[in-house]
Amino acid sequence: MTGTAETLEERIRRVTSEMVAIVPYDPEWPTLFELERQHLRSCLPNEFIVRIEHFGSTAIPGLAAKPIVDMLVEVTNLTAVRERVVPVLESQGYEYFWRPTKGDDGRPYYPWFIKRDASTGVRIHHIHMVEGDFVEHFDRLLFRDYLIEHPEVAREYETLKRRLAAEFPADRVRYTQEKTNFIAEVTERARERRSTA
């Protein structure tokens with residue numbers, strides 16, 4: 513990097529072209545989640561934080577995944593988060609994006625952070641901060657729970673992820689897009705199961 517600051521477009525291009533690597537399940541992932549949860553609780557204004565959940569593949573025991581702990585933080589007010597939370601996390605080295613929920617410009621937007629290992633620069637956490645009405649994000653918890661309860665479906669998902677990581681190793685956007693149908697179908701099954709329980 514030169515001494516000039518990256519433009520937003522350059523930052524997005526950089527983070528979306530980082531390599532996609534699927535690794536075997538690491539039993540330390542829940543511990544990494546818990547440590548980061550405690551850190552966020554200790555340094556952020558508690559009046560904004562409703563709950564912090566571990567989601568994504570690292571939350572599913574035994575499932576191979578990108579070695580990045582995904583965290584879903586329900587907050588009370590996104591405007592307040594932008595004003596009071598973003599400066600705290602940026603000062604600690606987190607990368608911040610005001611990210612669309614769908615596509616390149618899908619409203620609503622929400623704060624998304626990347627935390628990297630200080631010595632290697634490798635991503636270790638993704639932190640998604642959303643308000644309680646961001647249904648799509650909370651549906652990810654349904655997906656998580658369904659895969660935990662149905663290991664055979666988790667294996668299907670792992671096979672898909674490994675294939676996509678091999679096909680799109682430097683295209684995180686395409687890797688994610690190609691998983692969409694599988695995730696939507698499983699989430700719908702989870703939703704139906706919940707409604708009949």
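Numbering-wise, this note's numbering puts 545 at position 33 of the sequence shown, and it's gapless, one number per residue.
Where a beta carbon is used, it is the ideal one built from N, C-alpha and C, also for glycine.
This structure is a prediction, so every number in the text was calculated from the model and none was measured.
Contact check, residue i vs residue j, beta carbons under 8 Å
i, j, result
"Ala-677", "Ser-529", "no"
"His-638", "Val-585", "no"
"Arg-706", "Leu-654", "yes"
"Val-600", "Pro-623", "no"
"Pro-557", "Arg-594", "no"
"Leu-544", "Val-581", "yes"
"Val-642", "Val-685", "no"
Residue i, buried or exposed, once every other Cβ within 10 Å from all chains shown has been counted against 16
i, result
"Ala-577", "buried"
"Ala-517", "exposed"
"Ala-533", "exposed"
"Thr-514", "At Thr-514 the pLDDT is 49, less than 50, meaning the model places this residue with poor confidence and gives no usable figure here."
"Leu-547", "exposed"
"Leu-590", "buried"
"Arg-711", "An answer regarding residue 711 cannot be provided, because it is not within the stretch 513 to 709 covered by the chain."
"Arg-563", "exposed"
"Gln-550", "exposed"
"Glu-704", "exposed"
Residue nearest to residue i in terms of C-alpha spacing, selected from the options
i, options, result
"Asn-693", "Tyr-669, Ala-533, Asp-629 and Phe-560", "Tyr-669"
"Thr-699", "Thr-588, Tyr-537, His-649 and Glu-690", "His-649"
"Pro-542", "Pro-557, Asn-558, Arg-525 and Glu-565", "Glu-565"
"Leu-575", "Leu-544, Thr-688, Ala-666 and Lys-691", "Ala-666"
"Arg-611", "Phe-560, Glu-704 and Tyr-621", "Tyr-621"
"Ser-569", "Glu-704, Thr-708 and Thr-671", "Thr-671"
"Glu-506", "Met-531, Ala-702 and Phe-625", "Any property of residue 506 remains undetermined from this structure, which presents the chain solely from 513 to 709."
"Val-527", "His-662, Arg-628, Phe-646 and Glu-540", "Arg-628"
"Ile-561", "Asp-657, Arg-686, Thr-688 and Ala-592", "Ala-592"
"Ala-696", "Glu-664, Arg-652 and Tyr-687", "Arg-652"
"Pro-539", "Arg-635, Arg-703, Pro-579 and Arg-701", "Pro-579"
"Leu-520", "Met-583, Arg-635, Phe-609 and Ser-631", "Phe-609"
"Val-634", "Tyr-606, Arg-701, Tyr-687 and Asp-645", "Tyr-606"
"Glu-661", "Pro-536, Glu-602, Gln-604 and Arg-701", "Arg-701"
Per DSSP, cross-strand counterpart(s) of residue i
i, result
"Glu-622", "According to the sequence displayed, residue 622 carries Tyr and not Glu. Answer is Arg-611."
"Val-585", "Ile-564 and Met-641"
"Val-535", "Ala-577"
"Arg-635", "Arg-628"
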